[in-house]
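Undergrad: Just dropping this structure here.
Residue numbers (the numbering used here), protein chains in the order written: chain A, 1 to 357; chain B, 358 to 652.
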C-alpha cells in the first residue's frame, strides 16, 4: 500500500543505484528530516534538550558501534572508553585554545588512534577473547582516566567543558545545541547508509562472515579490521565529544564507565545488528526506558497498594532493564529494526499477503 | 628488601588467589560443557551469599543449614537459567550469548539488591578474626579456610569427572554433535554444568562474604574470575586452580609495591594487565585446549 513498488523501473544506472528505490521511503525520510529540522519550533525546550538531543547523540554513537559489531563482526565491550577518550581529548584541546571544530577532530583522531590498538588485539584473537580483552582495556582506560589528574582534572574529577563555538559564534541556546547534534547524527547516518554500497562496506561484510574466506578471495582482513576499528572509534570519539559539549557540559569518568559500554551494546543489540534504523530505535528504547519504567513502577505500586522501600525503587528499574535485554534476545534476536522491516515487508505487498516477498 | 613482608604478601596472596579460582571454577565448568562464557558468575556469587543470609536471618536457620539450603536453591536456579534463557539461544552468534549473560548479570545483581537492599551485612560463619601465626608470618584465617575449600572443591570435581555423569559431561565438552548422536542428552548435561557452577558460586559467595561482607562488591569478583579462567585456559579446572594461585601472588606482591606509587587500587590494574597479556601472548591460557576458538 504505502511502499508500492509498482512503477519502479530502473532505466538508468543512477536510478538503479539509488539508496531508496521505493518512493514511500524517500517521502518518509524527507518528512522525518523536516520534522527534525523543525523540532525546536514544535517541542518545548525540556523535551528538546532532555529527550531529542541525547537520543540523536546516542544514535550516532550506537551507529559507530554498529559499524564494528554489525558490519565488521568484531566485538567491542569498551566502546564507552573510546567515547571518553574523544570527549577528554576534545575538552583538553578546547581549553588549550583550539577552535571547537578542530578540537572535535582532534578528539576523534585520538580516539581512532587508541581504538586502533584494539585492532591489534583483533589481529591475534577473535570472538570471546577479543570481547574479554576489550573489556580489560575498558577497565584500564577507566582507571587511567580517573587516576591521572592531568586527564581527569584534579581531585573532584570533573572537568568543565567550554562552550561550543562554531565559526567563532558561541552556541548556548537549546535549539543551537540541538542542531549540532542533529547535523552530526545525520552525517553519521549518511555515512553508514552509503557504507553498504562501497567496496569498504562489502569487504567488512566479507570479513564478518568469515575472515579466512575473505582472505581467500583477496580481502586483506587485517587491514579492513583496522579500518573498521579506527572508523568506528572516530565516530565514537566525536560522539562522545558532542555528548559532552551539548548535553553534559562537564566531563567525569563515570560518564564513560563499563556500565555505559554495556548500555551502548544494549542499544545495538536491541536495535538489531547491522541495522541503521534499528540503531535509532535501540537508542530511543534504552534511553527512554528508565523513565517509563520508573513511572510504571510507581503507578503499579500505587495501584496495587504495595509500598516499596527506597532501595527497592532504586534497583527495580535496573533489574527490569536486565530482564528486558534477556527477553529481547529470546523473543526477537534481530531487534527492533527487524520488527520495522517485518511491518514494511507486510505493507509492501498488502493486501496480497501470500505474495513471495 | 623486607623478605618477611614479601613472603607474607606472597602467601596471603596465594590464599586469596585460590579463593579467586573458586569464582573461576564456575566459569570454567560452564565454558567446558557449552562454550558459553558466563559473565554473570560474579552476580551469581553475590546472589548465593544473599540467599544464605536470607535463610539464616529471615527463617532463623542455623548457618550451616542455611548454606545447605542455599546450595540447593542455587542448584535449581542454575538449572532454571539454562532452561529458560540459554537453551533457546543455542546456535546463535556468540555476541548474543555474551549479551545474554551480561543481561543476566544486570538482572541478578539489581534483582538481589531490590529484594535484600544494598547495605553491607556481615556473614558470620564462625571463622575467628585472630591471625594465624606461621613463624613470623601473619596469615588471615578466613583466606586460609577459603583456600582449603577451593582445593577440596577442585578435588571433588576431579573425582566427579571420573563418574559416569562426569564422563558424559566430558563427552559433551569434547564434541557437542558427537555426544548428541550417541544418545547423550546434551541439554541435561549443560543444565547440570550450570547448576554445578551455581553451587560453586554459592560456596565462593559464602567464603568471600565472610571476608568482606555481603554487598554489591561481591559481583565485582567477575573480573578476577574471568582473568583466572582465561589465564588457566577456559576449559581447564586444574588450570583455574593454578592460575588463581599465580594471579593471587602476582597481584599481592605487585599490588603492595605499586599501591604507594600509583595511589591505591592498583590491583584491578594488575588484573586487567594480566588478562590482556594472557590474551595477547597465549589466548588459550596455560592449560587450555588449542582448538577452543569458535570460528
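C-beta: ideal position from N, C-alpha, C; glycine also.
Since the model is a prediction, treat every value here as computed from it, not as a measurement.
Along the chain, where does the alpha helix (DSSP H) containing residue 95 (chain A) start, and where does it finish?
TA: By 1-based counting over the first chain, the position of residue 95 (chain A) is 95. Taken as a continuous stretch (DSSP letters only), the alpha helix (DSSP H) holding residue 95 (chain A) covers 79-96.
Undergrad: Using a C-beta to C-beta distance shorter than 8 Å, which residues of chain B count as neighbours of residue 172 (chain A)?
TA: Residue 172 (chain A) sits at position 172 when you count from the first residue of the first chain. Here the premise fails: no neighbours, minimum Cβ distance about 37 Å.
Undergrad: Could you tell me the alpha carbon to alpha carbon distance between residue 351 (chain A) and residue 319 (chain A), rounded to whole angstroms?
TA: Here the question's residue 351 (chain A) lines up with position 351 in the first chain. Here the question's residue 319 (chain A) lines up with position 319 in the first chain. For residue 351 (chain A) and residue 319 (chain A), the distance between alpha carbons rounds to 42 Å.
Undergrad: Do residue 469 (chain B) and residue 412 (chain B) come within 8 Å of each other at the CB atom, strictly closer than that value?
TA: By 1-based counting over the second chain, the position of residue 412 (chain B) is 55. By 1-based counting over the second chain, the position of residue 469 (chain B) is 112. Going by C-beta atoms, residue 412 (chain B) is not nearer than 8 Å to residue 469 (chain B).
Undergrad: Would you say residue 127 (chain A) faces chain B, with C-beta separation under 8 Å as the test?
TA: As a working note, residue 127 (chain A) is residue 127 in the first chain. Yes, its Cβ sits closer than 8 Å to a Cβ of chain B.
Undergrad: Can a CB atom of chain B be found closer than 8 Å to the CB of residue 333 (chain A)?
TA: Translated into the one-based positions of the first chain, residue 333 (chain A) becomes position 333. Chain B contact via Cβ: present.
Undergrad: Would DSSP call residue 3 (chain A) helix, strand or coil?
TA: Counted from its first residue, the first chain places residue 3 (chain A) at position 3. Looking at residue 3 (chain A) - three-state DSSP - the assignment turns out to be coil, as it is neither helix nor strand.
Undergrad: Express the C-alpha separation of residue 85 (chain A) and residue 62 (chain A) in angstroms, rounding to a whole number.
TA: Sequence index remark: in the first chain, residue 62 (chain A) carries index 62 (1-based). Sequence index remark: in the first chain, residue 85 (chain A) carries index 85 (1-based). Near 16 Å, if we compare the C-alpha coordinates of residue 85 (chain A) and residue 62 (chain A).
Undergrad: Would the stretch 393-401 of chain B and the stretch 520-540 of chain B be scored as touching if the rule is three or more Cβ pairs under 8 Å?
TA: The answer is no - the stretch 520-540 of chain B does not touch the stretch 393-401 of chain B, with fewer than three Cβ pairs under 8 Å.
Undergrad: How many Å lie between residue 196 (chain A) and residue 16 (chain A) at the Cα?
TA: Here residue 196 (chain A) refers to the residue found at position 196 when the first chain is read from its first residue. Here residue 16 (chain A) refers to the residue found at position 16 when the first chain is read from its first residue. If you take the alpha carbons of residue 196 (chain A) and residue 16 (chain A), they lie about 15 Å apart.
Undergrad: For a contact defined as C-beta to C-beta under 9 Å, what are the partners of residue 451 (chain B) on chain A?
TA: Here residue 451 (chain B) refers to the residue found at position 94 of the second chain. Per Cβ cutoff of 9 Å: 75, 127, 128, 131.
Undergrad: Quick one: which residues of the stretch 564-587 of chain B get their C-beta closer than 9 Å to a C-beta of chain A? List them in chain order.
TA: Those would be 580, 583, 584, 587, in chain order.
Undergrad: Starting from residue 262 (chain A), trace the alpha helix (DSSP H) both ways and give me its first and last residue.
TA: Here residue 262 (chain A) is taken as the residue at index 262 of the first chain, counted from 1. 258-271 is the extent of the alpha helix (DSSP H) around residue 262 (chain A).
Undergrad: According to a CB-to-CB cut-off of less than 9 Å, which residues of the stretch 450-469 of chain B neighbour chain A?
TA: Per Cβ criterion, the list reads 450, 451, 452, 453, 454, 455, 456, 457, 459, 460, 461, 462, 463, 464, 465, 466, 467, 468, 469.
Undergrad: DSSP three-state call for residue 276 (chain A): helix, strand or coil?
TA: Along the first chain, read from residue 1 onward, the residue named residue 276 (chain A) stands at position 276. Residue 276 (chain A): helix per DSSP, three-state reduction.
Undergrad: What does residue 640 (chain B) touch in chain A if you count any residue whose Cβ is under 8 Å from its own?
TA: The sequence position of residue 640 (chain B) within the second chain is 283, counting from 1. Going along chain A in sequence order, the residues near residue 640 (chain B) (Cβ under 8 Å) are 124, 125, 129.
Undergrad: Alpha helix (DSSP H) containing residue 490 (chain B): first to last residue?
TA: The count along the second chain starts at 1 and reaches residue 490 (chain B) at position 133. Residue 490 (chain B) -> not in any alpha helix (DSSP H); beta strand (DSSP E) instead, spanning 489-491.
Undergrad: Is it the case that the Cβ atoms of residue 336 (chain A) and residue 281 (chain A) are separated by a distance below 8 Å?
TA: Locating residue 336 (chain A) in the first chain gives position 336, counting from the first residue. Locating residue 281 (chain A) in the first chain gives position 281, counting from the first residue. Going by C-beta atoms, residue 336 (chain A) is nearer than 8 Å to residue 281 (chain A).
Undergrad: Please go through the same chain and pick out, in chain order, the residues whose beta-carbon is closer than 7 Å to the beta-carbon of residue 501 (chain B), but skip the five residues on each side of it.
TA: The residue given as residue 501 (chain B) occupies position 144 in the second chain. Answer for residue 501 (chain B): 372, 489, listed in chain order.
Undergrad: Show which residues of chain A have a CB atom less than 9 Å away from the CB atom of residue 637 (chain B).
TA: Walking along the second chain from the start, residue 637 (chain B) turns up at place 280. Result: 120, 121, 124, 125, 133.
Undergrad: Straight-line CA distance for residue 540 (chain B) to residue 343 (chain A)?
TA: Position 183 of the second chain holds residue 540 (chain B). Position 343 of the first chain holds residue 343 (chain A). If I take the Cα positions, the gap works out to 42 Å.
Undergrad: Since residue 376 (chain B) and residue 576 (chain B) should fall inside the 8 Å C-beta cutoff, what is the C-beta to C-beta distance between them, to a whole number of angstroms?
TA: Counted from its first residue, the second chain places residue 376 (chain B) at position 19. Counted from its first residue, the second chain places residue 576 (chain B) at position 219. With 8 Å as the limit, residue 376 (chain B) and residue 576 (chain B) do not qualify as a contact, their Cβ atoms being about 15 Å apart.
Undergrad: Return the chain-ordered list of same chain residues with a C-beta closer than 7 Å to the C-beta of residue 612 (chain B), the five sequence neighbours on each side being excluded.
TA: Here residue 612 (chain B) corresponds to residue number 255 of the second chain, with the count starting at 1. Result list for residue 612 (chain B): 623, 624, 627, in chain order.
Undergrad: Which same chain residues end up closer than 7 Å to residue 649 (chain B) when comparing Cβ atoms and leaving out the 5 residues on each side of it in sequence?
TA: Start at 1 with the first residue of the second chain, and residue 649 (chain B) comes out as number 292. Bear in mind that a pLDDT of 47 at residue 649 (chain B), under 50, signals an unreliable position, so the number given afterwards is only what the model happens to contain. Here the set comprises 591, 592, 641.
Undergrad: What in chain A is Cβ-close to residue 619 (chain B), meaning under 7 Å?
TA: The residue you call residue 619 (chain B) lines up with position 262 of the second chain. Within 7 Å Cβ-Cβ: 147.
Undergrad: Give the interface partners of residue 363 (chain A) over in chain B, defined as CB-CB distance under 8 Å, in chain order.
TA: Outside the displayed range of chain A (1 to 357) lies residue 363 (chain A), so it cannot be described from this structure.
Undergrad: Just checking: is the beta-carbon of residue 140 (chain A) within a distance shorter than 8 Å of some beta-carbon in chain B?
TA: If you number the first chain from 1, residue 140 (chain A) lands on position 140. Closer than 8 Å: yes.
Undergrad: Which residue comes first and which comes last in the beta strand (DSSP E) that contains residue 573 (chain B)?
TA: Counting from 1 along the second chain, the entry for residue 573 (chain B) is found at position 216. Per DSSP, residue 573 (chain B) belongs to no beta strand (DSSP E) and is neither H nor E.
Undergrad: Cα-Cα, which of A:315, A:297, A:25 is closest to residue 471 (chain B)?
TA: For the purposes of this step, residue 471 (chain B) is taken as the residue at position 114 of the second chain. The candidate whose alpha carbon is nearest that of residue 471 (chain B) is A:315.
Undergrad: For the alpha helix (DSSP H) containing residue 217 (chain A), name the first residue and the last one.
TA: By 1-based counting over the first chain, the position of residue 217 (chain A) is 217. First-last for residue 217 (chain A): undefined, no H or E at that position.
Undergrad: Between residue 529 (chain B) and the rest of its own chain, which residues show a CB-CB distance below 6 Å, the 5 nearest in sequence each way excluded?
TA: As a first step, residue 529 (chain B) must be located in the second chain, where it is residue number 172. So the qualifying residues of the chain are 390, 536, 543, 546.
Undergrad: Using 8 Å as the cut-off, can you tell me whether the stretch 93-100 of chain A makes contact with the stretch 593-613 of chain B, which would need three or more C-beta pairs spanning the two stretches below that distance?
TA: In short, these stretches do not touch, since the Cβ pair count stays below three.
Undergrad: Put residue 527 (chain B) into one of helix, strand or coil per three-state DSSP.
TA: Along the second chain, one-based indexing puts residue 527 (chain B) at 170. In this structure, residue 527 (chain B) counts as helix in the three-state DSSP scheme.
Undergrad: Which residue wins for smallest C-alpha separation from residue 491 (chain B), given the options B:361, B:632, B:645?
TA: Mapped onto the second chain, residue 491 (chain B) falls at position 134. Here the closest residue by C-alpha is B:361.
Undergrad: To the nearest angstrom, report how far apart residue 194 (chain A) and residue 586 (chain B) are at their CA atoms.
TA: Here residue 194 (chain A) refers to the residue found at position 194 when the first chain is read from its first residue. Here residue 586 (chain B) refers to the residue found at position 229 when the second chain is read from its first residue. Going from the Cα of residue 194 (chain A) to the Cα of residue 586 (chain B) covers about 42 Å.
Undergrad: Confirm, please, whether the CB-CB distance from residue 566 (chain B) to residue 435 (chain B) is below 8 Å.
TA: Taking the second chain and counting its residues from 1, one reaches residue 435 (chain B) at position 78. Taking the second chain and counting its residues from 1, one reaches residue 566 (chain B) at position 209. Going by C-beta atoms, residue 435 (chain B) is not nearer than 8 Å to residue 566 (chain B).
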